[in-house]
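Participant:
Numbering (the UniProt record's numbering), first residue to last: 1 to 1105.
(1) Going by beta carbon distance, what residues of the same chain come within less than 8 Å of residue 730, once the five residues before and after it are set aside?
(2) Are the beta-carbon atoms of residue 556 and residue 376 separated by less than 8 Å?
(3) What is the rounded straight-line gap between the Cα of residue 91 and the Cα of residue 172?
(4) So, with DSSP's three-state summary, where would you put residue 730?
(5) When burial is assigned at 16 or more other CB atoms within 10 Å of the CB, is residue 700 buried or exposed?
(6) Looking at the unbroken alpha helix (DSSP H) that takes in residue 428, where does it start and where does it end?
(7) Does the separation of the CB atoms of residue 225 and residue 155 fall below 8 Å?
(8) How do the region 972-986 and the region 1023-1033 stand: do at least 3 beta-carbon pairs fall below 8 Å, yes or no?
(9) Can you give me the Cβ contacts of residue 1085 inside the same chain, cut-off strictly under 8 Å, excluding the 5 residues immediately before and after it?
(10) Pull the bridge partners of residue 507 from the DSSP assignment, please.
(11) If we ignore side chains and look at the alpha-carbon of each, how far apart do residue 101 and residue 281 end up?
(12) Quick check: the Cα distance between residue 954 and residue 907, rounded to an integer number of angstroms?
(13) Only counting runs of 4 or more residues, tell me where the alpha helix (DSSP H) segments fall wholly within the region 877-915, in order along the chain.
(14) Given this structure, state the Cα-to-Cα distance separating residue 1115 from residue 872, to the nearest angstrom.
(15) What's the C-alpha gap between residue 671 and residue 942?
(16) Within 10 angstroms of its Cβ, does residue 372 collect 16 or more other Cβ (buried), or is it exposed?
(17) In the structure shown, what three-state DSSP assignment does residue 657 receive?
(18) Once you ignore the five residues that flank residue 959 on each side, which residues in its own chain have a CB closer than 7 Å to its CB?
(19) For the region 75-159, which segments carrying the alpha helix (DSSP H) assignment without a break, of at least 4 residues, lie completely within its bounds, in sequence order?
(20) Here's a check: name, in chain order, each residue in its chain whose Cβ is nearer than 6 Å to the Cβ of residue 534, leaving out the five neighbours to either side.
(21) Where does residue 66 sit, in a helix, a strand or coil, going by DSSP?
(22) Report the CB separation of residue 106 from residue 137 in whole angstroms; it is logged as a contact under 8 Å.
(23) Within the same chain, show all residues whose beta-carbon is closer than 6 Å to that of residue 744, passing over the 5 residues directly before and after it, in chain order.
(24) Note down, in chain order, each residue of its chain lying with its Cβ closer than 7 Å to the Cβ of residue 359, except the 5 sequence neighbours on either side.
(25) Under 7 Å Cβ to Cβ from residue 444, same chain only, skipping five residues before and after it: list those, please.
(26) Which runs of the beta strand (DSSP E), 3 residues or longer, sit entirely within the region 983-1068?
(27) I'd like to know whether the C-beta atoms of residue 538 and residue 622 end up nearer to each other than 8 Å.
(28) On the three-pair Cβ rule with 8 Å, is the region 242-255 touching the region 181-192?
(29) Would you call residue 477 buried or exposed, if buried means 16 or more other Cβ atoms sit within 10 Å of its Cβ?
(30) Below 8 Å between beta carbons: does that hold for residue 554 and residue 616?
(31) Does any residue of chain C bring its CB to less than 8 Å from the CB of residue 630?
(32) Roughly how far, in whole angstroms, is the beta-carbon of residue 847 from the beta-carbon of residue 841, given that I think they are within contact range, below 8 Å?
(33) Taking only the alpha-carbon atoms, compute the straight-line gap between residue 912 and residue 1063 and give it to the nearest angstrom.
(34) Please state whether DSSP places residue 203 in a helix, a strand or coil.
(35) Taking residue 693 as the reference, which of 404, 483, 275 and 978 has the closest Cα?
(36) Can you give the beta carbon distance from residue 1050 to residue 778, rounded, assuming they're within the 8 Å contact cut?
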């Protein structure tokens, strides 16, 4: 054939072929399946290939260079099995092996005998006859080892579309397999060559002959592998006889099993026919040979496109199909080879350039696989298939559905971890790229930490949650039960690494300018960071961005559903009962359509919440998250522990006033996500703490209850109390909470909980929002309930008695409890009176005839008043019970002058509301609906009275109350106590004797009050006689010490000019006190003289008849 000029494209292809010249003909180690010892390929200098053929087609002149391979070392393995007799000499066997492997011949009779399935290479024979007429192949018509590369090129250059007049060649062309690509032919030839190797091992040839045969097979395979590599990179270099996709995509037919074609979910991409030559080809064996051939010689160019195409198959899939499993299996197969694993992370798509939250999920190499989940954003089909009529009662979820989906998730997440684990271990560079991938995913998803998340700006819940799971599994080895590696975590990680960007994150106890300055001054990026620290801090970030964010969004959506669902039901009921919307009318049809649209949207949202619970409530995931947060709480306590020895040496409390600067500079989410997780756990799945984590949690909560100022966010600080309360609430079949026993026996709890709870009650700070007053009441309510839980423990009560020694602190505490009780009970009783008023209004006959809007307004007001009454009753009741417990145990502490009078007045006021004339206003139709138990509340208030009946100061305090106290009130209360059997007769008698004492003291006080007290001796606020006058330094006002102390308990300012004031700043008015004492002495002397005179007069009066 005449030589044709080459195009530029052809020359490029030729250069690529030249690059493979040397390696193509080099000896190859025996494949594992051939049971031969492996040898490292020898590097040989590249030489120009010999032009043996006048370019009959596009690649005929350029072929991989033929070399002289070294024979492999003979095997010294186990004794040989029985061998078959050799059918011919080794030279003839070589010819047969070449013919069988490549399916080519230069003997037309052989081609005809095989029905032309063996291609007759007439052009090659013609070339040999012209150039080498004495070549053995010309004489014997058998291919020899030196002709392998020429024979292969001649076969690849057979063009089914070529026009020719040669009858034999027309037969050859017509007999070529239909639609066969170059890759399919080459892989088929490679597989047949392996078969020849197996056959050789079973034949009874000499050791030398077998080594010769093995060398031939290796040469054939290496030549085929070189061309396979070329066609994977650029299939256009070869004549393609099919319009099928060619190149790297063809390897997918081997990597992704044929069974995928029977995908029951109808994934169109899964339906395809696998070429016969590729069926049952071992992907592992082929990849093993390709890696051996190209490692260090362009493996990334050969396998890189295959990796990207394989991973890209996951785009658009969800867990309802099975194709994702085959894709993961394909990637796992690729990653069995360390050189491929090392290439994996170097691909540009592993972390897309200028990645954002969406691109890293959708376009990164592994993003689509990592994003697979049950969350509706990633798997809307799951929500439709399994949760179309879902109930949002966690107890009503189908266990079969849950277990099936969670089993699928566990399989996915285990495979994903396995993939990343291989990548981490592939090379140091690969490990860094994996860490960069997760850090980039965290950095671009920082908006997931916001209260309101815009789905368009962040990755889906499934992607971030699965990243969290993968990282948690990396953390498992260093989170052992003994915390043996906790000291490996670098406390200055953010100074030593900029991988995680926390510049815009709120810090625990520092503003942005402070943190920026700190990290700027202390940056030490040249200091290496160990892998444990990298994983730990990434875990902290992803637990915040993953579980914490997803749980919060799911909870918000459920609250919205709970609010909207009854509204839609009411609208449906109203529509059915409204005569203006008769069935069939246009108005009714329009209203039905709009309502149905809203109901369908509600169903979708309910399905979204239910599907999210599959992952968020998964026991396996929860155990893993609990394990991490148990470790994290221990690490946090160790961080603030001055000795940094916790838990090997228990933390010493209270913590120092000055906290570590490194701790202040940590992202706030370190504490926030930890606290929120335990809120969720103790509320919905407290039983998980029975197996692990209880000790670590107790150390954490007691530490920060004892030192709450270490937590900058007041919401998180208050939630610490909520965790403790949730942990004491009975659950399941247990009568106690999961933390109840720990509270009463845990070492730190016994030493510090009681005084710390009292201090926390006092120091509850403002949150800076409109609801701060109610936030404070809720926290104190939880503290009151906690104190009730620990009250029966004598060790805790002893701590209370010790704390009463600090009279100032205890006085402030009791004052706040009284303030809360007064406010809450007053509000509760007022709301109950409103409820009664609305009920009476609605029960009147005229109510039904009032306009709809007026009736709706009254019904809404009743609902709001009832809801508020229930809250106030619960909160106020706990405060009263707290006073009841404390007055029984620490009576003397309540007798402080600034406390006792206010306590007496508060108790009398509430007793008047419950037993006085106003009590009729508190009768409502359904008291249990609001938690209203007046007998219980009356009993608690009477118990407080009876706790203090022996205290002189309390008797005087009740006697002083001129607003609510009366003997009649107590007599009325006594009647109720007897009639309703609330108290025994003996107890009522004790109360009666107390009232008699009060009446006696009250009479004495009234006699004293008959005298006019000089104005200068009167308290400027209370208008009563001062006993211990003091001067306020700012306003110079004069008040009794008890009056200003009582004021300062609630307000630390001068009541006259609002300037800051403490009790230590007031000045005793000694001169005025002396004058008052003198005035009182004269008054008492005058009264004594008057009594003496009266007695003397009685003695001298004559007796009357």
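Idealized CB from N, CA, C, for every residue including glycine.
Facilitator: Working from what's here:
(1) Spatial neighbours of residue 730 in its own chain (CB-CB distance under 8 Å, excluding positions within 5 residues in sequence) are listed in chain order as 736 and 737.
(2) Against a cut-off of 8 Å, the Cβ pair of residue 376 and residue 556 comes out as no contact.
(3) 26 Å
(4) coil
(5) Around the beta carbon of residue 700, 16 or more other beta carbons lie within 10 angstroms, which makes this residue buried.
(6) 428-443
(7) In this structure, residue 155 does not lie closer than 8 Å to residue 225 by Cβ.
(8) In short, these stretches do not touch, since the Cβ pair count stays below three.
(9) None.
(10) Note: residue 507 sits in a beta bridge opposite 667.
(11) 15 Å
(12) 11 Å
(13) For the region 877-915, the continuous alpha helix (DSSP H) assignments of 4+ residues that do not extend past its boundaries occur at 897-915, in sequence order.
(14) Any answer about residue 1115 is impossible in this case: the structure gives the chain only from 1 up to 1105.
(15) The alpha-carbon atoms of residue 671 and residue 942 are separated by roughly 44 Å.
(16) buried
(17) coil
(18) 998, 1001, 1002 and 1005
(19) 90-102, 108-113, 122-131, 136-140 and 148-156
(20) 435
(21) Caution applies to residue 66, whose pLDDT of 39 falls short of 50 and renders its modelled position unreliable; the value that the coordinates give is listed next. In the structure shown, residue 66 sits in coil (DSSP, three-state: anything other than H, G, I, E or B).
(22) 6 Å
(23) 793
(24) 352
(25) 355, 356, 357 and 360
(26) The DSSP assignment places complete beta strand (DSSP E) segments of no fewer than 3 residues inside the region 983-1068 at 1029-1031 and 1038-1040, in order along the chain.
(27) Contact flag unset, no.
(28) yes
(29) exposed
(30) yes
(31) Absence of chain C from the displayed structure is noted, only one protein chain being present.
(32) 6 Å
(33) Roughly 33 Å separates the two Cα atoms.
(34) DSSP places residue 203 in the strand class (E or B) of the three-state scheme.
(35) The residue among 404, 483, 275 and 978 with its C-alpha nearest the C-alpha of residue 693 is 483.
(36) At roughly 19 Å, the Cβ-Cβ gap does not stay under 8 Å, so residue 1050 and residue 778 are not in contact.
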